[in-house]
Amino acid sequence: MQYVNLGRTGLKVSRLCLGTMNYGPEATEAEGFAQMDKALDLGINFFDTADVYGWKKGEGYTEQIVGNWFAKGGMRREKVILATKVYGDMNADPNDFTMARGLNAVKIKRSCEGSLKRLKTDYIDLYQMHHINRESHWDEIWQAFDVLVRQGKVLYVGSSNFAGWHIAQANETASRRNFLGLVSEQSKYSLITRAIELEVLPACKHYGVGVIPWSPLDGGLLGGVLQKTEGGRRAKEGTQKRIEKLRPQLEKWENF
0 MQYVNLGRTG LKVSRLCLGT MNYGPEATEA EGFAQMDKAL DLGINFFDTA DVYGWKKGEG
60 YTEQIVGNWF AKGGMRREKV ILATKVYGDM NADPNDFTMA RGLNAVKIKR SCEGSLKRLK
120 TDYIDLYQMH HINRESHWDE IWQAFDVLVR QGKVLYVGSS NFAGWHIAQA NETASRRNFL
180 GLVSEQSKYS LITRAIELEV LPACKHYGVG VIPWSPLDGG LLGGVLQKTE GGRRAKEGTQ
240 KRIEKLRPQL EKWENF
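Numbering (numbering that gives the first Met the number 0), first residue to last: 0 to 255.
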């Protein structure tokens, strides 16, 4: 396994990051445990999750699975660089608007506490903003993260699905506050989806922000989808339409 620095930090992470989004909805807890154990065996030390994964509003089901795996012991937590996210709707109580989608000081504090409890840990290595929030000022956002860092509950802050301008704005504001700012950006990136090459990648290079691609196989389209469908595997209607639209490119890819 190869290891690289996470952005401009001195933290070493495996080039491959284990995504856990399907733990709960698609994979059982036992299957998730087996995958995480195998990842460690292969040298993968970078795990990514989010409070909204599991898709049961307010429950954080996927984080619970990861936390239960940590609780098995064997230095599992110590061996993992743990990344999770904040922003999504965790509003299980319809009268509690503080946990609705978005970012503000109260939401960031409460979401972090919830994730720590579900993950059965006392700190998060990389706490990522899942999306940009245009309604909150960066000074408020960075103050909230600064408090968590000073408390030792968060070590690094990252972003996900940000535009190049958002990355620049975030890190310029953080710099004025003498705060480290964003050290990573998690974006959708594959041979099919390459929009981040226009502005996001240049911004990341300029600010020393590490790039974590999500959906590198673009929903399975780059994972031998033609061979699988020809072998009898059924695809969802939306996937079938994308296959037909991209068939010439996919044929070249699979015959490469």
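Virtual Cβ for every residue (Gly too), placed ideally from N, Cα, C.
This structure is a prediction, so every number in the text was calculated from the model and none was measured.
Straight through space, the alpha carbons of tryptophan 213 and glutamine 248 are spaced by roughly 21 Å.
When DSSP states are grouped into helix, strand and coil, glycine 157 belongs to the strand group. In the DSSP assignment, cysteine 16 is bridged to Phe45.
The three-state secondary structure of isoleucine 211, taken from DSSP, is strand. Taking 8 Å as the cut-off, the Cβ atoms of tryptophan 252 and leucine 216 do not count as close.
No Cβ-Cβ contact shorter than 8 Å links lysine 116 with alanine 70. Asparagine 94 is positioned such that its CB atom lies no closer than 8 Å to that of serine 135. Here tryptophan 141 is buried: its Cβ has 16 or more other Cβ atoms, across all protein chains shown, within 10 Å.
DSSP places leucine 181 in the uninterrupted beta strand (DSSP E) bounded by 181–187. By the C-beta density criterion, phenylalanine 45 is buried, having at least 16 other C-beta atoms within 10 angstroms. Runs of the alpha helix (DSSP H) spanning 4 or more residues and lying entirely within the region 56–143 occur at 60–69, 75–78 and 104–118, in chain order.
Setting aside the 5 residues that flank it on each side, leucine 39 is surrounded in the same chain by Lys78, each with a C-beta closer than 7 Å to its C-beta; the list follows chain order. No Cβ-Cβ contact shorter than 8 Å links glycine 87 with aspartate 145.
In the DSSP assignment, tyrosine 2 falls within the unbroken beta strand (DSSP E) covering 2–4. A buried status is given to glutamate 62, since no fewer than 16 other beta-carbon atoms sit within 10 Å of its beta-carbon. A Cβ-Cβ separation of about 4 Å places tyrosine 60 in contact with glycine 23 under the 8 Å criterion. For lysine 204, the uninterrupted alpha helix (DSSP H) run begins and ends at 199–206, by DSSP. In the DSSP assignment, asparagine 170 falls within the alpha helix (DSSP H) that extends over 163–175. Separation of the CB atoms of glycine 113 and methionine 89 is rounded to 7 Å, and the pair is thereby assigned contact status at 8 Å.
Secondary structure at alanine 234: coil, using DSSP grouped into helix, strand and coil. The closest CA to that of isoleucine 131, considering only Ala33, Glu184 and Arg175, is found on Glu184.
The continuous alpha helix (DSSP H) containing leucine 39 extends over residues 28–40.
Cβ-Cβ separation between valine 182 and threonine 8: approximately 5 Å, consistent with a contact (criterion under 8 Å). About 6 Å separates the Cβ atoms of isoleucine 123 and leucine 81, confirming a contact at the 8 Å cut-off.
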